[in-house]
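Student: For reference, the structure I am asking about is given below.
2 protein chains.
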Amino acid sequence: MKIIVDAMGGDNAPFEIVKGAVMAAKELDTHIILTGRVEEILRCIEKLGLKDLPGGVEIANATEVIEMDEEPVMAYRKKKDSSMTVGLNMLRDGQGDAMVSAGSTGALLSGATLVVKRIPGVKRAALAPILPNAAGGVMLIDCGANVECTPQYLLQFAYMGACYTEFVRGVKSPRIGLLNNGTEKTKGTQLQIDTYELLEEARTAGKLNFIGNVEAKDVMHGVCDVVVCDGYSGNVLLKATEGAASFVMKEIKKTLTSSFKTKMAALLVRKEVYDLKERMSADKIGGTALLGISKPVIKAHGSSNAAAIKSAIRQAIDAANSNMAEILQKNIAE
Amino acid sequence: MKIIVDAMGGDNAPFEIVKGAVMAAKELDTHIILTGRVEEILRCIEKLGLKDLPGGVEIANATEVIEMDEEPVMAYRKKKDSSMTVGLNMLRDGQGDAMVSAGSTGALLSGATLVVKRIPGVKRAALAPILPNAAGGVMLIDCGANVECTPQYLLQFAYMGACYTEFVRGVKSPRIGLLNNGTEKTKGTQLQIDTYELLEEARTAGKLNFIGNVEAKDVMHGVCDVVVCDGYSGNVLLKATEGAASFVMKEIKKTLTSSFKTKMAALLVRKEVYDLKERMSADKIGGTALLGISKPVIKAHGSSNAAAIKSAIRQAIDAANSNMAEILQKNIAE
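Chains A and B supply the protein sequences, listed in that same order.
Reading the first sequence from the start, the letters are residues 1 to 334 in our numbering.
Reading the second sequence from the start, the letters are residues 1001 to 1334 in our numbering.
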């Protein structure tokens, strides 16, 4: 198994990326190809206290870097020798089994679609992060790749999400919910009303375990395994959840440091609250899968540290092991 | 000042509603008209340890009740003698200055629109709850009344939200944000792109303090005072926030009761954590204003207790005192 890792993408690149990749090579027994500027990557290796590239890690030189604030499609087209583009070309050419990048989401999505290509029959690739929740994580698909959707796109998202959740995450017969502003089937805009019908047909045909509409308030409480939504409202769902969770954690911290008495309490629960914060962190569950692309591409969070990169690499390995693209292609063709 | 209160609407009706109304009459120095079944209301008064209706509280008899699971428009049309309909008729006829109900949101919205009518020029009434946040509360408009919107509706929502926030909540030159999946003005669906232009024009003309697009993750952190959105995504934003906050609070509780050590800590911070939970509770900030209706109508949360009802009554008083409908009508006409 060979995983291509974009060493230059993300807020903490290249050091945390290189560190995470080295950890993964050692602990996950996988081969890593780091794409990026050789000298910079070697400096990171040195900073890690290593004399040379460790076993299982190699470098593919790439002289350019796509910055987070560049216009995605233009950046991808202009910078032919960027760490991301070089990685995607290698993935297309079979020099690696999956790719991980913490760089620009838009550029990665455009690049993956244009270079690695979509699975035949898939209309749109989707961003599918996994949100930590009461039931061990729920996939949201789509979360921003496609702000305007059709019922057909959403139906495909449901199949892609179900397939990933079953074959990569190991959840048998995953429960698929349609994000809506109420549970009745007449709820939502025309998009949700029409999509409901398609999903209901798929359920009747025994192809999807569609459980109906789900409300945003129930997503964290584990009501389903995959939430199907257009990219615009999926983005609102994801970010509102992140914002609210971080706000409450911040308030908890303030509360615990507000007086001598609460500071005493804080000393007693420091570890437990830290653990909770870690569990709430999306990074720990892994990166965002770009579903619908013919080979596994995982977008790690922009602020990923080494542990998050290692976790995204593990996810890439699982995705590559699952042969998901083939299963999905068969599914879509039917 | 006379506030009409639907005594029969909500999960805890009629007792908590009557209790909250009695508290409000006493503490807020206002006159209350309770609509509902006289005998049931009087039984609540008795249960409160009172011999008779206290000063400032009267009853308007209504024999029917609209249930939460009834189809809103049908329920409103069929039950001519419901506590909600009787109240709305009295509001229209000037027998009260504002109305509060914890009953079915849909029925209240239909009823208010059909009986009390919209402010001339207002295309759609909107549900505008206030979410507790770092800056003392942010209004979301719309949150479910209109799932399909046009840029013109959203522009009016911006004016209505600004007007309420300035004249009822007392925030000078409130900051208006457009909910979007990124801050760049090219973000979002066609609806957001077109609305951005209208809001930008209003800003240039000095009519609105439009601060641009806002992301869902920043709403709780106080980035603006009013978030403009269509009812579908507003509903997702509101409920995702509620769901995430309640999930984290539940996890905190679990953490604090997981061992002897953490239970000791819990004893020390019990009051503080309870206070935080209260602050996070939307009820404390008040009910949801139905903006665009020609007289103030406040929807209290379905699960409101007496304190939440009192708080919604206070909000109704503030709204009635503000002459918001007139100001808004002038604004819209311009």
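Even for Gly, the Cβ is constructed at its ideal location relative to N, Cα and C.
Shorter than 8 Å from the beta carbon of A/Ile-298 to some beta carbon of chain B?
Tutor: Answer no: the Cβ-Cβ gap between A/Ile-298 and chain B never drops below 8 Å.
Student: So, are the CB atoms of A/Gly-96 and A/Ile-176 less than 8 Å apart?
Tutor: Cβ atoms of A/Gly-96 and A/Ile-176: not closer than 8 Å.
Student: Out of A/Ile-317, A/Gly-292, A/Ala-300 and A/Lys-299, which has the shortest C-alpha to C-alpha gap to A/Pro-120?
Tutor: A/Gly-292
Student: Got a sec? Which residues, its chain only, sit under 8 Å from A/Ala-25 by beta carbon, not counting five neighbours each side?
Tutor: His-31, Ile-32, Pro-54, Gly-55, Gly-56 and Val-57
Student: List, in chain order, every chain B residue whose beta-carbon is nearer than 8 Å to that of A/Lys-261.
Tutor: Leu-1268 and Val-1269
Student: Excluding sequence positions up to five away, which residues of its chain have a Cβ less than 7 Å from the Cβ of A/Asp-318?
Tutor: Residues Val-168 of the same chain have their beta carbon placed closer than 7 Å to that of A/Asp-318, with the five preceding and five following residues left out of the count.
Student: Using Cβ-Cβ distances below 7 Å, what residues of the region 1235–1252 of chain B are close to chain A?
Tutor: Asn-1235, Val-1236, Leu-1237, Lys-1239, Ala-1240, Thr-1241, Glu-1242, Gly-1243, Ala-1244, Ala-1245, Phe-1247, Val-1248, Met-1249, Glu-1251 and Ile-1252
Student: Since B/Thr-1255 meets chain A, which of its residues come closer than 9 Å, beta carbon to beta carbon?
Tutor: Neighbours of B/Thr-1255 in chain A, taken as residues at a C-beta separation under 9 Å, are given in chain order as Val-269, Glu-272, Val-273, Asp-275 and Leu-276.
Student: Over what stretch of residues does the alpha helix (DSSP H) that includes B/Lys-1250 continue unbroken?
Tutor: 1231–1256
Student: For B/Arg-1169, report the span of its alpha helix (DSSP H) as first-last.
Tutor: Neither: B/Arg-1169 is in no alpha helix (DSSP H) and is coded neither H nor E.
Student: Should A/Gln-190 go down as buried or exposed, given a rule of 16 or more other Cβ atoms within 10 Å for buried?
Tutor: The residue in question, A/Gln-190, is exposed, as its Cβ has fewer than 16 Cβ neighbours within 10 Å.
Student: What does A/Lys-217 touch in chain B if you count any residue whose Cβ is under 8 Å from its own?
Tutor: For a Cβ distance threshold of 8 Å, residue set Lys-1239, Ala-1240, Glu-1242, Gly-1243 and Ser-1246 of chain B lies close to A/Lys-217, ordered along the chain.
Student: Which same chain residues end up closer than 7 Å to A/Ser-294 when comparing Cβ atoms and leaving out the 5 residues on each side of it in sequence?
Tutor: Val-116, Lys-117, Arg-118, Ile-119 and Ala-325
Student: Reducing DSSP to helix, strand and coil, say where B/Lys-1087 ends up.
Tutor: Lys is not the amino acid found at residue 1087 of chain B; the sequence shown has Gly there. B/Gly-1087: helix per DSSP, three-state reduction.
Student: For the beta strand (DSSP E) that contains B/Asn-1061, what are its first and last residues?
Tutor: 1057–1061
Student: Closer than 7 Å by C-beta to B/Val-1073: which residues in its own chain qualify, once you throw out the five before and the five after it? Chain order, please.
Tutor: Apart from sequence neighbours up to five positions away, the residues of its chain that approach B/Val-1073 with a beta-carbon distance below 7 Å are Ser-1110, ordered along the chain.
Student: Between B/Asp-1157 and the rest of its own chain, which residues show a CB-CB distance below 7 Å, the 5 nearest in sequence each way excluded?
Tutor: Sequence check: residue 1157 of chain B is Phe here, not Asp. Within the same chain, B/Phe-1157 has close Cβ partners Ala-1126, Ile-1141, Asp-1142 and Val-1228.
Student: Is B/Leu-1267 buried or exposed, if buried means 16 or more other CB atoms sit within 10 Å of its CB?
Tutor: exposed
Student: Does any C-beta atom of chain A lie closer than 8 Å to the C-beta of B/Gly-1188?
Tutor: True, the Cβ-Cβ gap to chain A drops below 8 Å.
Student: A/His-221 and B/Phe-1247 - do their beta-carbons sit closer together than 8 Å?
Tutor: yes
Student: Return the CA-CA distance between B/Leu-1178 and A/Thr-204, expressed in angstroms with no decimal places.
Tutor: Cα to Cα, B/Leu-1178 sits roughly 40 Å from A/Thr-204.
Student: Name the one or two DSSP bridge partners that A/Gly-121 has.
Tutor: According to DSSP, residue pairing for A/Gly-121 in a beta bridge does not occur.
Student: List, in order along the chain, the chain B residues whose C-beta lies closer than 9 Å to that of A/Asn-89?
Tutor: Those do not exist, as A/Asn-89 stays about 28 Å from chain B at its closest Cβ, beyond 9 Å.
Student: Could you have a look at B/Asp-1318 and say whether DSSP puts it in helix, strand or coil?
Tutor: Assignment of B/Asp-1318 by DSSP, reduced to helix, strand and coil, places it in the helix class.
Student: Using the beta-carbon count (16 or more within 10 Å), is A/Ala-312 buried or exposed?
Tutor: buried
Student: What does B/Leu-1179 touch in chain A if you count any residue whose Cβ is under 8 Å from its own?
Tutor: Val-236
Student: With a Cβ-Cβ cutoff of 8 Å, do A/Val-86 and A/Ala-62 count as a contact?
Tutor: yes
Student: Could you tell me the alpha carbon to alpha carbon distance between A/Glu-46 and B/Lys-1172, rounded to whole angstroms?
Tutor: 56 Å
Student: Is B/Ser-1173 close to chain A? Criterion is C-beta to C-beta, closer than 8 Å.
Tutor: no
Student: For chain B, find out if any of its Cβ atoms is closer than 8 Å to the Cβ of A/Ala-228; answer yes or no.
Tutor: What sits at residue 228 of chain A in the sequence shown is Val, not Ala. No, because no Cβ of chain B sits closer than 8 Å to the Cβ of A/Val-228.
Student: Between the region 136–161 of chain A and chain B, which residues of the former have CB atoms less than 8 Å from a CB of the latter, in chain order?
Tutor: Taking 8 Å as the Cβ-Cβ cut-off, the region 136–161 of chain A approaches chain B at Gly-144, Val-147 and Glu-148, given in chain order.
Student: From the DSSP secondary-structure annotation, give me the bridge partner or partners of A/Ala-126.
Tutor: A/Leu-291
Student: With respect to the alpha helix (DSSP H) encompassing A/Ala-216, which residues constitute its N-terminal and C-terminal limits?
Tutor: Segment 216–219, the alpha helix (DSSP H) holding A/Ala-216.
Student: Between the beta-carbon of B/Phe-1306 and the beta-carbon of B/Gly-1020, is there less than 8 Å?
Tutor: Inspection of the sequence shows that residue 1306 of chain B is occupied by Ala rather than by Phe. Contact flag set, yes.
Student: Who are the neighbours of B/Tyr-1232 on chain A, taking C-beta pairs under 7 Å?
Tutor: Asn-181, Gly-188, Thr-189 and Ser-233
Student: Can you look up A/Gly-177 in the DSSP assignment and give me helix, strand or coil?
Tutor: strand
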